[in-house]
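Below: one structure, written as structure tokens.
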Amino acid sequence: MRTFRTDLHIHTVLSPCGSLEMSPGNIVSLANQRGLNIIGITDHNSTKQCELIWKLAKKTNLTVIPGCEMTSREEVHCLGLFEDFDALRVFQDYLDRHLSIIPHNASLFGYQVVVDQDENILEELDYYLGAALDVSVEEVEQKVHELSGIFIPAHVDRPRNSLYSQLGFLPPELKVDALQISKLAEETAVREKYRIGSDLTLVKFSDAHFPDDLGKTYTIFEMESPSFAEIKKALKQENGRGVKIP
Ligand SMILES: [Zn+2]
Ligand SMILES: [Zn+2]
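If you count by the working numbering, then the sequence shown holds residues 1331 to 1576, one letter each, in order.
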């Protein structure tokens, strides 16, 4: 079995709260420099910057998993990760249909731009990506799984925008592939506080919005190869695969 430093929660220039230095080129070179093997691109309620980062990373040893950080109707943040761009496009259509349209004030909340590899602005979004979708967390989970994606509620121990802060519990019918805990959280303490059994995998990712945060927080995935199928198996702790929070 091989080990892979994995961070599946990273924001880009496209997120209103993401630094303008989080350009596709910068993210790929910093992730490589800092020893990450697999990264996930998860902007708020949009997937529009994923494909370029995936393309740039292909020339290197870095694996990029395209995805998104969704805000459900209950204001729960959750990650959706996808195997390919066919699934991602269908999911982007879903986001376009369900995101509440609130005009975006860039000077107040930060720029939301899609850039090319030379950091030229291709598109500036005039609706706020931090708004909520008009669907429940269960509906979002079902859509992600319908597209054979991976569904991970984000930073579950945080006092805002988390599964436990918004719902108070993990709904038994919600099919989560893992739970992401926040940067400073301690796995054992989170398991105890929320009574999370060892059959449910916990992961820690950076939730990086700034270049400084990249590479500092990750989870070690133990698996055969850096493929989407292997990531799924590692999260399920199948056939000797697994994850370790360092
Ligand atoms: Zn979040
Ligand atoms: Zn985030």
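Ideal Cβ placement from N, Cα and C applies to all residues, glycine included. All of these numbers come straight from a predicted model, not from anything done at the bench.
Do residue j and residue i count as a contact pair if the criterion is CB distance below 8 angstroms?
| i | j | result |
| --- | --- | --- |
| T1342 | N1367 | no |
| E1517 | L1532 | yes |
| D1464 | P1433 | no |
| I1480 | L1565 | yes |
| R1403 | S1466 | yes |
| N1569 | K1563 | yes |
| E1468 | E1503 | yes |
| L1382 | Q1447 | yes |
| E1552 | T1333 | yes |
Quick one: Cα of residue i to Cα of residue j, how far?
| i | j | result |
| --- | --- | --- |
| V1520 | S1495 | 13 angstroms |
| H1407 | Q1442 | 18 angstroms |
| A1559 | K1505 | 17 angstroms |
| N1450 | A1417 | 27 angstroms |
| P1576 | E1471 | 28 angstroms |
| Y1458 | V1445 | 17 angstroms |
| G1460 | D1373 | 10 angstroms |
| I1602 | A1462 | With the chain covering only 1331 through 1576, there is no way to say anything about residue 1602. |
| H1539 | G1397 | 15 angstroms |
| L1514 | K1546 | 11 angstroms |
| V1573 | L1452 | 37 angstroms |
Is residue i near ligand 2, judged by its Cβ being under 7 angstroms from some heavy atom?
| i | result |
| --- | --- |
| E1454 | no |
| E1405 | no |
| T1372 | yes |
Pick helix, strand or coil for residue i, following the three-state DSSP scheme.
| i | result |
| --- | --- |
| Q1567 | coil |
| K1534 | strand |
| I1368 | strand |
| I1431 | coil |
| S1376 | strand |
| E1399 | strand |
| R1521 | helix |
| H1539 | coil |
| R1448 | With the sequence shown as reference, residue 1448 is identified as Asp, and Arg is not the correct amino acid for it. Coil, per DSSP. |
| K1473 | helix |
| P1576 | coil |
| R1335 | strand |
At a cut-off of 7 angstroms, is residue i close to ligand 1 when judged by its beta-carbon and the heavy atoms of the ligand?
| i | result |
| --- | --- |
| H1539 | no |
| A1484 | yes |
| N1391 | no |
Residues in its own chain within less than 7 angstroms of residue i by CB, not counting five upstream and five downstream?
| i | result |
| --- | --- |
| D1543 | S1536 |
Any beta carbon of chain C sitting closer than 8 angstroms to that of residue i?
| i | result |
| --- | --- |
| I1526 | Chain labels in this structure do not include chain C; a single protein chain is all it has. |
For residue i, which residues of its own chain have a beta-carbon under 6 angstroms away from its beta-carbon, when the five flanking residues on both sides are left out?
| i | result |
| --- | --- |
| E1454 | V1443 |
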